[in-house]
Each structure stands twice: as structure tokens, then as C-alpha cells.
Amino acid sequence: MTSLLTNNAAMTALTTLKSINSQLDVTSNRVSTGQRVSNAADNAAYWSIATTVRTDNLALGAVKDSLGLGSAAVDTAYNGLTTVLTNLQNIRTKLQTALQPGVDRSKVQTEIASLQSNMKATADSSTQSGQNWLSVNSTGPGYNAGTQKVIAGFSRDTTGNINFSTVNIDVASIQLYDKALAGSAATSAQVTASTAIIGTLDFSGANQSTLTVDINGATAGSETITLNAASLTASVADLTKVTKGELLDAINNSIAANAALKADGVKASLDPEGRLVFTKTAGAGTIDVNIANATSARDIGFGTAITKVYSGVGTAAGAATGGGILDKGGTGSSVATLSIDAATNDATLQTYINTVDKAIAAITTAGTKLGANKTQLDGQKSFIDSLMKSNDRAIGTLVDADIEEESTKLKALQTQQQLGVQALSIANSASQNVLSLFR
Numbered sequence: 002m003t004s005l006l007t008n009n010a011a012m013t014a015l016t017t018l019k020s021i022n023s024q025l026d027v028t029s030n031r032v033s034t035g036q037r038v039s040n041a042a043d044n045a046a047y048w049s050i051a052t053t054v055r056t057d058n059l060a061l062g063a064v065k066d067s068l069g070l071g072s073a074a075v076d077t078a079y080n081g082l083t084t085v086l087t088n089l090q091n092i093r094t095k096l097q098t099a100l101q102p103g104v105d106r107s108k109v110q111t112e113i114a115s116l117q118s119n120m121k122a123t124a125d126s127s128t129q130s131g132q133n134w135l136s137v138n139s140t141g142p143g144y145n146a147g148t149q150k151v152i153a154g155f156s157r158d159t160t161g162n163i164n165f166s167t168v169n170i171d172v173a174s175i176q177l178y179d180k181a182l183a184g185s186a187a188t189s190a191q192v193t194a195s196t197a198i199i200g201t202l203d204f205s206g207a208n209q210s211t212l213t214v215d216i217n218g219a220t221a222g223s224e225t226i227t228l229n230a231a232s233l234t235a236s237v238a239d240l241t242k243v244t245k246g247e248l249l250d251a252i253n254n255s256i257a258a259n260a261a262l263k264a265d266g267v268k269a270s271l272d273p274e275g276r277l278v279f280t281k282t283a284g285a286g287t288i289d290v291n292i293a294n295a296t297s298a299r300d301i302g303f304g305t306a307i308t309k310v311y312s313g314v315g316t317a318a319g320a321a322t323g324g325g326i327l328d329k330g331g332t333g334s335s336v337a338t339l340s341i342d343a344a345t346n347d348a349t350l351q352t353y354i355n356t357v358d359k360a361i362a363a364i365t366t367a368g369t370k371l372g373a374n375k376t377q378l379d380g381q382k383s384f385i386d387s388l389m390k391s392n393d394r395a396i397g398t399l400v401d402a403d404i405e406e407e408s409t410k411l412k413a414l415q416t417q418q419q420l421g422v423q424a425l426s427i428a429n430s431a432s433q434n435v436l437s438l439f440r
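Taking our numbering, I'd label the letters of the sequence shown as residues 2 to 440.
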């Protein structure tokens, strides 16, 4: 039936044309952006996953940069060690020469002093990105108990928590000089938790841990450190997710506010495995740490039962010693300070040769450790690079458009659009044909 009021053919053609135009817009966007999911409206689930993976890739890029800096620092320290090793071999040769009868030992000492100066200059200048692992200050900022951590990995667990893995450089075993140690202080009493702190801790509400710290066995006069919402608020950003670093800051703040603990030089730190460590540095004595409550205690490395978990003993100050491979032993007995003259006897020379030989062995061991660290860093860097590429492929699988398919579809839709326009034109002219019946 033909109607002057309702043009069914035109309405059908118009609906079809609108559908074609809508599909054409989508396909054109995919061809121009190269993505079939370019925003959340296209596919919320895929867009969310791809965005998270892109964010992780940015973090992995930062880890890769950190590995590059760490590798450069290892190279710098290794080059410094090899240069010092050559100087040490020369010093040993000079000392052996001095054993020969008739040798002017004062002239030999001039050469040895020059080599000693050269070794110190090499160690002092072995700096990369502000870090020097050969000439250190063990009491200065950034020493971190002789361990330097290079960020080497990034991961996100099923709950969304982010974790970083590290490559630990044992600076204490490779350092050549220590500016802070002209002699040794008293050995500190040190106690270490039995297990590491894993993830974050919830100290909101009534959650707490109360520690009792006993100095020199003075159980009756033990000091208390309470870790709860009130004491942690100033140190943490989120009481439901307290990090190890925030917990450590809160403990040390409590120690600083306690006159007795502060006077005994008590300090909390974390070892490379993430376990809590308490040290007492003021004089000889002992330090014990107990957990005082069993019902609402957070697990900070030693469970929740009322039990003594760790203790340590310190000793009084000993003989003067240095802190590095070359200044260890104190004046007159270290490579850095040995000196000979005409009065030096053969027995003393032999002692010096043995001292230098031990230093050569120690530096050789240090170089081996750095070589292993370099291999580990380079291997991790290669893995991170492969992981980033894998993530890029995963993102592409989720959001990238098949350009061949989309371009073919675009051509087809353009043809359909032309046919739709023609069909609409024909349908619109049908009413004009009806009017011809009345002529």
C-alpha cells in the first residue's frame, strides 16, 4: 500500500543509513587510532586491564633505569678495585725489594708512599651517581649498615599491592677506606627478629603491638614501646597499610622519646631480609626484646605469643681498628699506613708483606663479588626488557585493531553508505510518483 502520509520505504532506508554511518564512525576511529579499544566505553574490562599493564610497564621502565645506574656503579667500583689491586702488587714488590741487602729503604718508602697516595685518590674518586662504595663513611647518611640496594624488580600481587625486589651490594665487604673509623668503638649489642615483616600491617582500631626492651638484664626496669594507632599516626599515611619503613620510623621516634633507651643508644633498623634489628651502642651490656601482649598484636617478625624472641650481648671498646680493607688494623698495621725506613728489620718487613698479601686476597674476593653482582644486574636488566616487550604484546592483544580487517570493513561500509543514500533518495521520490496519477 502506498501512502502519502507514511513513507515506510524511506523510514527503513533512513534507519539502515544511520546504522551504516554509526558503524562507519567506529571503523574510521579504529583505522585512525590503530586501536579497537581506545577508551573505557569501547570495552571497560579490556581498557582497565590494558591501562594497568601500561602503568606497570612505566614502573618497569624506572626499574630498568635503576638497574642501569646500579650496573654503572658496580663497574666504577670494580675499575677502582682493579687499579688499587695493581698498586698493591707494586707495593708488595717494593717490600720484597727492600728485603735485599744494601737497598736504600728510605727510597723504597718514597715509592710506597706514592702508591699509597694513588690508592687513596683512586678510592676517593670512584664515585658514580653520588655513590662511592670504596671510600665510605660508616656513620654517615646512606651507609645503610654497609648494604646498598639496587631496585631490580617490580611486581603486583592479586590484591593490588606493589612489591619491589632488590639486588643487595655488600659494600661492607668491598670498602677500602672508612672515614669514620680511626679506631673501633665498643661492640654493640644487637638482636634480630626471627622472621621478616611481609607486606603491610594493619594498625587501625585496637590493633597494636607492645614491646618491652630490657637493657643489661634489667627486666624490672624494662622500657615499653607501644605501637598503635595513636603512636603511629604521625609516621604513617594509612593505618590500615603500614609499611616496614613507616613502622621503623615510628619505633625510632618512640625510642627517641624514651630517655633511658636514648641514653643507651638503642636504635631500630631493618636487615637486608626485612627483619627488625635492635642495637645498643652505649658501652658493654645486653639487650632483650619481648612481645608484651598476645591478643591484638600485629606480627612484626616474632609472632604474637608472650615470649622472649631474641637477645644480644655487646662488649667494651677494643683496640683501634680501621673499617676498610686497606685501613683495617689501625696505625702501623694497615696497608694505608705502613711505612719503612733504615731501622725497619726484616721481620717487620715480612709482616708488612703478609699484610699486603692479605689485602690483595681480600680485594680479589671483593672483585669476585662485584663481578657476580654485575652478572645479576645485567641478567635482571635483560629480563625486565623482555618482560616489558611481553607486556606490550599483551596490551596489543587486548586493544589493538586488525588494520587489514578494519580497512576492508571501512571500504565495504563506504559502499553501503552510498547505496543507502541512493535507496533513501528512491524511497523519497515514491510519493512524487503517486502525484503523477492525478495529472
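Heads up, the beta-carbon is just placed ideally off N, CA and C, and yes, glycines get one too. Source: prediction; values computed, not measured.
Under the three-state DSSP convention, the category residue i falls into
i: Thr193; result: strand
i: Gln101; result: coil
i: Thr225; result: strand
i: Ser253; result: Strictly speaking, residue 253 in this sequence is Asn, with Ser absent from that position. It is helical.
i: Lys150; result: strand
i: Val54; result: helix
i: Val422; result: helix
i: Asn434; result: helix
i: Asn8; result: coil
i: Ser67; result: helix
i: Lys370; result: helix
i: Asp265; result: coil
i: Asp386; result: helix
i: Ile341; result: coil
i: Val109; result: helix
i: Tyr336; result: Note on residue identity: the sequence assigns Val, not Tyr, to residue 336. Coil at Val336, not helix or strand.
i: Gly143; result: coil
i: Leu327; result: coil
i: Ala88; result: Looking at the sequence shown, residue 88 is not Ala but Asn. Correct three-state label for Asn88: helix.
i: Asn429; result: helix
i: Val237; result: coil
i: Asn1; result: Given that the chain is displayed from residue 2 to residue 440, the structure contains no residue 1 and the question cannot be resolved.
i: Thr160; result: coil
i: Ala122; result: helix
i: Asn392; result: helix
i: Asn259; result: coil
i: Asp43; result: coil
i: Asn80; result: helix
i: Thr322; result: Confidence in Thr322 is poor, its pLDDT being 45 and thus under 50, which makes the residue's placement unreliable; the coordinate value appears in the next sentence. In the structure shown, Thr322 sits in coil (DSSP, three-state: anything other than H, G, I, E or B).
Beta-ladder partner(s) of residue i, from DSSP
i: Ser270; result: Val278
i: Gln129; result: Gln132
i: Leu25; result: In the DSSP output, where bridge partners are listed per residue, Leu25 has none listed.
i: Ile170; result: Gln149
i: Thr211; result: Thr227
i: Asp401; result: Gln36
i: Arg31; result: Paired residue(s): none; Arg31 is not in a bridge.
i: Val137; result: Asp179
i: Phe204; result: DSSP output for Phe204 lists no bridge partner at all.
i: Thr155; result: According to the sequence shown, residue 155 is Phe rather than Thr. DSSP lists Phe165 as partners of Phe155.
i: Val243; result: Leu202
Nearest-angstrom Cβ-Cβ length linking residue i and residue j, presumed shorter than 8 angstroms
i: Ile256; j: Leu249; result: About 11 angstroms; that fails the 8 angstroms criterion.
i: Val85; j: Ala124; result: 7 angstroms
i: Asn8; j: Ala431; result: 7 angstroms
i: Ala360; j: Ile326; result: 6 angstroms
i: Ile288; j: Val172; result: Not really, about 25 angstroms apart at Cβ, beyond 8 angstroms.
i: Thr345; j: Arg106; result: 6 angstroms
i: Ala190; j: Ser270; result: In fact, because the Cβ distance is near 14 angstroms, the residues do not count as touching under 8 angstroms.
i: Tyr109; j: Ile341; result: The question names Tyr, but residue 109 is Val in the sequence shown. The pair is a contact, with the Cβ atoms about 7 angstroms apart (cut-off 8 angstroms).
i: Leu339; j: Thr356; result: 7 angstroms
i: Ala153; j: Leu68; result: 6 angstroms
i: Val267; j: Lys281; result: 5 angstroms
i: Val503; j: Tyr47; result: The chain is shown only over 2 to 440; residue 503 falls outside these bounds and no answer can be derived.
i: Asp358; j: Arg157; result: With a Cβ gap of about 50 angstroms, Asp358 and Arg157 do not count as contacting.
i: Arg276; j: Ala367; result: Wrong, their Cβ atoms sit about 25 angstroms apart, outside the cutoff.
Does the contact criterion of 3 or more C-beta pairs under 8 angstroms hold for the segment 367-385 versus the segment 97-111? no
May I ask you to verify whether the segment 72-91 touches the segment 100-120, counting CB pairs closer than 8 angstroms and requiring at least 3? yes
Does the segment 385-403 come close enough to the segment 73-82 to have 3 or more Cβ pairs within less than 8 angstroms? no
Is there contact here, the segment 411-426 with the segment 24-36, by at least three beta-carbon pairs under 8 angstroms? yes
If contact is defined by three or more beta carbon pairs under 8 angstroms, each pair taking one atom from either stretch, is the segment 63-75 in contact with the segment 127-146? yes
Does the segment 191-201 touch the segment 173-181, meaning 3 or more C-beta pairs lie closer than 8 angstroms? no
Three or more beta-carbon pairs under 8 angstroms between the segment 59-66 and the segment 345-352, yes or no? no
Can you confirm whether the segment 222-234 touches the segment 205-213 when touching is taken to mean that 3 or more C-beta pairs between the two stretches lie within less than 8 angstroms? yes
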